[in-house]
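Protein chains: 2
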Amino acid sequence: MKILRANMSKLKILIEDLPEEWKLFGGRRLVAEICNKEINPECYPLGDENKLIITGGALAGYGIPMADRLSVGGKSPLTGGIKESNAGGTVIQSLSKLGICTIIIEGQPSTKDFYILYISKDKTELINASVYKKLGNHELVKEMRKKFNNDVSTISIGPAGEMKMSIAGVFASDTKWHLRPAARGGMGAVMGSKGLKAIVIKNNGTYKPNISNKEEFYSARREFIKKIMNNPETAVRYPKYGTAATLQIKNKIGALPTYNFTRGSFEKADLINGDALFRLIEKRKGVGQHSHACMAGCIIKCGNIIPNKDGNFLSDSLEFETMGMLGANLGISNLDTIANLNYECNNIGIDTIETGAAIGIALSFGIANFGDEKEISKIISKDIRNGTVLGQLLGSGCTLTAQVFKTSRVPAVKGQSINASDPRAHKERAITHSMSTMGADHTFGVTRSPIPPHESNGHMQIARLVHVKMAGYESLGFCQMSLAGIEFELKYPVSLVNAIFNLNKDTEWLLKYGKEVILEERKFNFAAGFTEKDDRIPDFFKKEKLPPFNLVVDVPEKEYKSYWDKSFWENS
Amino acid sequence: MKILRANMSKLKILIEDLPEEWKLFGGRRLVAEICNKEINPECYPLGDENKLIITGGALAGYGIPMADRLSVGGKSPLTGGIKESNAGGTVIQSLSKLGICTIIIEGQPSTKDFYILYISKDKTELINASVYKKLGNHELVKEMRKKFNNDVSTISIGPAGEMKMSIAGVFASDTKWHLRPAARGGMGAVMGSKGLKAIVIKNNGTYKPNISNKEEFYSARREFIKKIMNNPETAVRYPKYGTAATLQIKNKIGALPTYNFTRGSFEKADLINGDALFRLIEKRKGVGQHSHACMAGCIIKCGNIIPNKDGNFLSDSLEFETMGMLGANLGISNLDTIANLNYECNNIGIDTIETGAAIGIALSFGIANFGDEKEISKIISKDIRNGTVLGQLLGSGCTLTAQVFKTSRVPAVKGQSINASDPRAHKERAITHSMSTMGADHTFGVTRSPIPPHESNGHMQIARLVHVKMAGYESLGFCQMSLAGIEFELKYPVSLVNAIFNLNKDTEWLLKYGKEVILEERKFNFAAGFTEKDDRIPDFFKKEKLPPFNLVVDVPEKEYKSYWDKSFWENS
Numbered sequence: 107m108k109i110l111r112a113n114m115s116k117l118k119i120l121i122e123d124l125p126e127e128w129k130l131f132g133g134r135r136l137v138a139e140i141c142n143k144e145i146n147p148e149c150y151p152l153g154d155e156n157k158l159i160i161t162g163g164a165l166a167g168y169g170i171p172m173a174d175r176l177s178v179g180g181k182s183p184l185t186g187g188i189k190e191s192n193a194g195g196t197v198i199q200s201l202s203k204l205g206i207c208t209i210i211i212e213g214q215p216s217t218k219d220f221y222i223l224y225i226s227k228d229k230t231e232l233i234n235a236s237v238y239k240k241l242g243n244h245e246l247v248k249e250m251r252k253k254f255n256n257d258v259s260t261i262s263i264g265p266a267g268e269m270k271m272s273i274a275g276v277f278a279s280d281t282k283w284h285l286r287p288a289a290r291g292g293m294g295a296v297m298g299s300k301g302l303k304a305i306v307i308k309n310n311g312t313y314k315p316n317i318s319n320k321e322e323f324y325s326a327r328r329e330f331i332k333k334i335m336n337n338p339e340t341a342v343r344y345p346k347y348g349t350a351a352t353l354q355i356k357n358k359i360g361a362l363p364t365y366n367f368t369r370g371s372f373e374k375a376d377l378i379n380g381d382a383l384f385r386l387i388e389k390r391k392g393v394g395q396h397s398h399a400c401m402a403g404c405i406i407k408c409g410n411i412i413p414n415k416d417g418n419f420l421s422d423s424l425e426f427e428t429m430g431m432l433g434a435n436l437g438i439s440n441l442d443t444i445a446n447l448n449y450e451c452n453n454i455g456i457d458t459i460e461t462g463a464a465i466g467i468a469l470s471f472g473i474a475n476f477g478d479e480k481e482i483s484k485i486i487s488k489d490i491r492n493g494t495v496l497g498q499l500l501g502s503g504c505t506l507t508a509q510v511f512k513t514s515r516v517p518a519v520k521g522q523s524i525n526a527s528d529p530r531a532h533k534e535r536a537i538t539h540s541m542s543t544m545g546a547d548h549t550f551g552v553t554r555s556p557i558p559p560h561e562s563n564g565h566m567q568i569a570r571l572v573h574v575k576m577a578g579y580e581s582l583g584f585c586q587m588s589l590a591g592i593e594f595e596l597k598y599p600v601s602l603v604n605a606i607f608n609l610n611k612d613t614e615w616l617l618k619y620g621k622e623v624i625l626e627e628r629k630f631n632f633a634a635g636f637t638e639k640d641d642r643i644p645d646f647f648k649k650e651k652l653p654p655f656n657l658v659v660d661v662p663e664k665e666y667k668s669y670w671d672k673s674f675w676e677n678s
Numbered sequence: 107m108k109i110l111r112a113n114m115s116k117l118k119i120l121i122e123d124l125p126e127e128w129k130l131f132g133g134r135r136l137v138a139e140i141c142n143k144e145i146n147p148e149c150y151p152l153g154d155e156n157k158l159i160i161t162g163g164a165l166a167g168y169g170i171p172m173a174d175r176l177s178v179g180g181k182s183p184l185t186g187g188i189k190e191s192n193a194g195g196t197v198i199q200s201l202s203k204l205g206i207c208t209i210i211i212e213g214q215p216s217t218k219d220f221y222i223l224y225i226s227k228d229k230t231e232l233i234n235a236s237v238y239k240k241l242g243n244h245e246l247v248k249e250m251r252k253k254f255n256n257d258v259s260t261i262s263i264g265p266a267g268e269m270k271m272s273i274a275g276v277f278a279s280d281t282k283w284h285l286r287p288a289a290r291g292g293m294g295a296v297m298g299s300k301g302l303k304a305i306v307i308k309n310n311g312t313y314k315p316n317i318s319n320k321e322e323f324y325s326a327r328r329e330f331i332k333k334i335m336n337n338p339e340t341a342v343r344y345p346k347y348g349t350a351a352t353l354q355i356k357n358k359i360g361a362l363p364t365y366n367f368t369r370g371s372f373e374k375a376d377l378i379n380g381d382a383l384f385r386l387i388e389k390r391k392g393v394g395q396h397s398h399a400c401m402a403g404c405i406i407k408c409g410n411i412i413p414n415k416d417g418n419f420l421s422d423s424l425e426f427e428t429m430g431m432l433g434a435n436l437g438i439s440n441l442d443t444i445a446n447l448n449y450e451c452n453n454i455g456i457d458t459i460e461t462g463a464a465i466g467i468a469l470s471f472g473i474a475n476f477g478d479e480k481e482i483s484k485i486i487s488k489d490i491r492n493g494t495v496l497g498q499l500l501g502s503g504c505t506l507t508a509q510v511f512k513t514s515r516v517p518a519v520k521g522q523s524i525n526a527s528d529p530r531a532h533k534e535r536a537i538t539h540s541m542s543t544m545g546a547d548h549t550f551g552v553t554r555s556p557i558p559p560h561e562s563n564g565h566m567q568i569a570r571l572v573h574v575k576m577a578g579y580e581s582l583g584f585c586q587m588s589l590a591g592i593e594f595e596l597k598y599p600v601s602l603v604n605a606i607f608n609l610n611k612d613t614e615w616l617l618k619y620g621k622e623v624i625l626e627e628r629k630f631n632f633a634a635g636f637t638e639k640d641d642r643i644p645d646f647f648k649k650e651k652l653p654p655f656n657l658v659v660d661v662p663e664k665e666y667k668s669y670w671d672k673s674f675w676e677n678s
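From first to last, the protein sequence lines are chains C and G. Just so you know, we're using my numbering here: the first sequence kicks off at 107 and counts up by one. Just so you know, we're using my numbering here: the second sequence kicks off at 107 and counts up by one.
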């Protein structure tokens, strides 16, 4: 497999071989490796020293269901630390067929021009794209499909990325033309700072990577699929409800961020939960869809497509985090409005989680009223899209927004906002949010812990093990959903690795690998200026009681402290 | 002498004795002591854990000219580190007569009410001041003088302090009713966060501190005065031109921040230099004044009062830093406009330096044009005064403004903007700006170095010695001007200390004392999260050439590094 390097200072493209020692590296592991090897951890994230790393996982391109996840990484302008943000879509499948596993974007143009990096079997080039400036992602994808004859996968940024907003994500196209966001950490701003509007990958490759032991491989793949199809969560619940299923649970336990994290239950949650979304799609039909696969071969299909009242397209897949952060957290109970905000965010190219957190703070400051759908829509589609002063401020994320509006109620860790899971009522998340090497987030790995969510003790060890499993598993290119599907049993992915690479690894190997991922990420962060003190939840979660259960984060300090015990991390 | 503590959570006042071991502590030294002893360095600066410390120097109240400087300190909301900001005015003279050397404001009211702390011989109380909310400092001082029968000294905040803006200062009244700002580091926001609108001190005290050896004291005082009166800088230049004299020099060497630090000389500098200011006052007369003393007994009188065209009051003392940062740095060449902006800043209660730096960044972003006096006036008197989103943003200082507007050109160190002295053309300032324990600033101590300003080498040792002298000298309560007046010869203040306290110290003692001040400040900063890496000038000063001399900061790294050599700091 090859690495493609595009130098945006010189507007030159280089192709090089993937080093043999990186053969089993992909996703978070490869991002961490390249960050530590090639990026000055103290550099300005939007300057020419940072790099944008785009890569699949170690098992990408082999035709394994849900293993072709796209990773986008580099130094985050939101957190100042390492970032790997991942998404579904067809990009990695198209790229693998061209024999390319990784794209590294370097340097920075000296002009304000924007470019498209076009990659196909026949030609790879940088095309001046200044004519597409300010186009939304949807608008751009439409143009790209027209220009390149439909059969392309795209990675792009919207106006927010062009304006280098820290809430800007990178957006990948899926099996149709819908968008899948690698939303968090401001990787869209890094892409914008490189003068790169889009990467367009022609789906005309024919490369097939070698599989050492084919029979063993097909057998391992069958077992993997069987396991997932026998799990009611991944076989029934997610295809039907998508991630939206989570909303009702969070609301019930009082962990759904509501009215800028001042409540944990939303009185109108019934109007925006998974069931309501399911019924809306069922009723309206049209282009509406449950079980929408974001990449070919997916067997979980947790995505959806939201139709408007006339059955026409309203929004790309609506996820729980969006429904929580742009819904309950802003006091909005209208699914149409939330779906439209989701569309706008995808089009403008911003992270719905960070956007919801930042707007929540602005609403508490009186910028508009909670639940004022019209004003909130305007804030997103006018202020953020056009980069007014308010838009630029919110576009800088919830931490800066809170600093400017002078509140210590910042629902963020390491500069990144918490997702739709208040750690006061879901206490395992206090550990996950705190310890994440990328700022508060569910994507660091979430447990299906047997410990009740309101219980203060005992979460650390369970959470830590899942974080490690997740780090290893994701680096292979798999989506998080499928890890739940195989019930966190690592023998499934390890069998696939063994068959492909003719190895004889055990599950301990993947655990050790996962630890290595996290330690490498942490190494970058420490070199960038982070310390152990950054691994803590904000004070207000410890002091301000969260209704309706009036809970605070009271996870014992020793649980945080022992997280980094050498006996765990150095044990292989 | 007594310490007055006002607890704003309980609305209670306590009087306690100044501990014997703090007898020689005052100003920066006492602020550092109280910060390290009583403030959690990791606390939220605008929360109830921070304290606002108001104190004179160790020699305050003894009738020594220029030794009654007011210090205002605590943890800075602008930098996150320690802050001591000082000002002239009559506050410390009035307070000393009441036998009070220090006021410590603690806690935070649970309501949004504001209070006045009224202190007199007969009565000390907290008065609800919510009726004065949103008044400017000038407006408030007028009210206070009316309410308390004129003979009062005041310390107050304007609307910016109430809104807890990081650019908000604390303003003291002078010998008349004009204002002297303790402007930098956001101490006005800390005062606002305590719900304290003003401290009003009735000038009815009769306390006279003990002088051990009176004859020796009067002789030492005579020598001190004689030295200053024989120095042409303090005897002639400052009384005539004030600090404005500096502008021409800075402009000539190309170190005057112009158009948001993109040039070092302003083509219209002649219109706003010390001479122009002198002529304006001379011509208009009316209330206009050179040689305005901010405190009784001052023999330098570097202050001025600016008359408008009709001879009526236009502005409090106009200083070089203001003329540089609100003039050249914003492309404004109209002295009337600059004086009016100065008045507005004092009235709103903000630091003219940080304001000029933040607006400079906003102008580069296109918020208004450089030199557009009308728009820039509106930004200050409308946006900042009323706290619009733009106002709140600029009110957060230049570092946050730059972060939101996505530029790495941040003319700040440790979160505080550089004053009107570009380190690229005045290279000694690269050391001073970098090493300051309080963020970039001239008040850390400026040399009259024989090394040419464009020379890259050799500044460190000279600068460091002045920083140390300054730290010790200021802690005694003296103003910076007088240190220039005595040509940095510490025997003058040491003689005064010996006479008053019946001691036998030498100048080495004051040097050691000065080192202790800086080390204590640094200790607080490190506990707050700073590291040695924060002692550096921003990268852009090293890379971007400054016209007209096309200079960059190229002070050798070893000069920064050796600044903290133990052999210097531990040597007593």
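Think of the CB as a built atom: it goes at the ideal place given N, C-alpha and C, for glycine as much as any other residue.
DSSP bridge partner residues for residue i (one or two, in chain order)
i	result
C/Gln522	C/Val519
C/Val658	DSSP, once it has assigned bridges, lists no residue as partnering C/Val658.
C/Thr340	Paired residues: none, contrary to the question.
G/Met192	Looking at the sequence shown, residue 192 of chain G is not Met but Asn. The partner list for G/Asn192 (beta bridge, DSSP) reads G/Ser177.
C/Gln93	Summary: the structure shown does not reach residue 93 of chain C, with chain C confined to residues 107 through 678, and so no result is reported for it.
C/Asn113	C/Lys118 and C/Glu212
C/Phe277	C/Ser262 and C/Pro287
C/Glu231	C/Tyr224
G/Leu652	G/Leu657
G/Arg369	G/Thr364
Residue i: first and last residue of the uninterrupted alpha helix (DSSP H) it sits in
i	result
G/Thr443	Leu441 to Ile454
G/Pro683	Past the edges of chain G, shown from 107 to 678, lies residue 683 of chain G, and the structure says nothing about it.
C/Asp381	Gly380 to Arg390
Proximal residues to residue i (C-beta, below 6 Å), its chain only, five neighbours per side dropped
i	result
G/Lys240	Pro265
C/Arg135	Ser581 and Val623
Limits of the unbroken beta strand (DSSP E) element including residue i
i	result
G/Leu285	Leu285 to Ala288
Close beta carbons around residue i, own chain, < 7 Å, minus the five adjacent residues each side
i	result
C/Lys611	Val600, Val603 and Asn604
G/Ser397	Pro345 and Lys407
G/Thr553	Glu534, Ile568, Ala569 and Val572
Close beta carbons around residue i, own chain, < 8 Å, minus the five adjacent residues each side
i	result
G/Gly213	Asn113, Met114, Ser115, Lys116, Asp154 and Lys300
Give, in chain order, every residue of the segment 255 to 283 of chain G whose Cβ lies closer than 8 Å to some Cβ of chain C.
Met269, Lys270 and Met271
Cβ-based contacts, 7 Å cut-off: residues of the segment 498 to 514 of chain C near chain G:
Gln498, Leu499, Ser502, Leu506, Gln509, Val510, Phe511, Lys512 and Ser514
Could you give the uninterrupted runs of the alpha helix (DSSP H) lying entirely in the segment 295 to 360 of chain C, keeping only those of 4 residues or more?
320 to 335, 344 to 347 and 351 to 359
When you check each C-beta in the segment 145 to 156 of chain C against every C-beta of chain G, which residues fall closer than 7 Å?
Tyr150, Leu152 and Gly153
Quick one: which unbroken alpha helix (DSSP H) runs of 4-plus residues sit fully inside the segment 529 to 597 of chain C? Chain order, please.
534 to 541, 565 to 581 and 586 to 591
What residues from the segment 175 to 203 of chain G come within 7 Å of chain C, judged by C-beta to C-beta, listed N to C?
none
In chain order, each alpha helix (DSSP H) run of at least 4 residues that lies wholly inside the segment 122 to 152 of chain G:
133 to 144
Got a sec: which bits of the segment 477 to 500 of chain C sit with their beta carbon under 7 Å from any beta carbon on chain G, in order along the chain?
Val495, Leu496, Gln498 and Leu499
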